[in-house]
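Residue numbers (this note's numbering): 29 to 152. One structure is given below, encoded as structure tokens.
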């Protein structure tokens with residue numbers, strides 16, 4: 029049952045992820061070149077029909093994923109002792125190595141920051 033829920037959630041969130049990826053990709057290169065031209069076409073496809081593109085694909089379907097996923101997680105948390113135990117062990121390990129968790133988080137944040145700055149420099 030969990031696999032079916034996961035597959036359904038992936039299918040429901042895919043249109044929103046496609047749109048967000050297209051927004052990102054269209055800023056990588058000039059809009060006349062590929063893949064920015066195709067990404068722009070995807071963005072315009074969503075914008076052409078706001079009731080379907082905005083309301084259904086970008087709001088209702090991700091909202092359904094949030095509700096279904098939240099319910100599934102709450103049910104699994106209350107029913108599955110192994111899941112609760114694994115979460116407790118993970119948190120204990122993170123507390124024991126808190127300095128390395130901060131190093132990892134700072135490293136990931138710096139990589140994300142540099143990627144954003146590089147993208148900004150390439151676009152300008």
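Just so you know, even glycine gets a beta-carbon here, dropped at the ideal spot from N, CA and C.
Pairing residue 134 with residue 146, the inter-Cα distance amounts to about 18 Å. DSSP, read as helix, strand or coil, puts residue 31 in helix. By the neighbour-count definition (other C-beta atoms within 10 Å, threshold 16), residue 40 is a buried residue. If you look at residue 97, you'll find it in the alpha helix (DSSP H) that goes 89–107. Between residue 50 and residue 70, the CB-CB gap stays under 7 Å.
Separation of the CB atoms of residue 104 and residue 111 is rounded to 6 Å, and the pair is thereby assigned contact status at 8 Å. Rounded to whole angstroms, the gap between the alpha carbons of residue 89 and residue 38 is 10 Å. In this structure residue 54 is buried. Its beta-carbon is surrounded by 16 or more other beta-carbon atoms within 10 angstroms. Scanning the stretch 108–149 from its first residue to its last, the whole alpha helix (DSSP H) runs of 4-plus residues come out as 109–124. Per DSSP, the continuous alpha helix (DSSP H) segment holding residue 66 begins and ends at 64–76. Between the alpha carbons of residue 130 and residue 76 lies a gap of roughly 44 Å.
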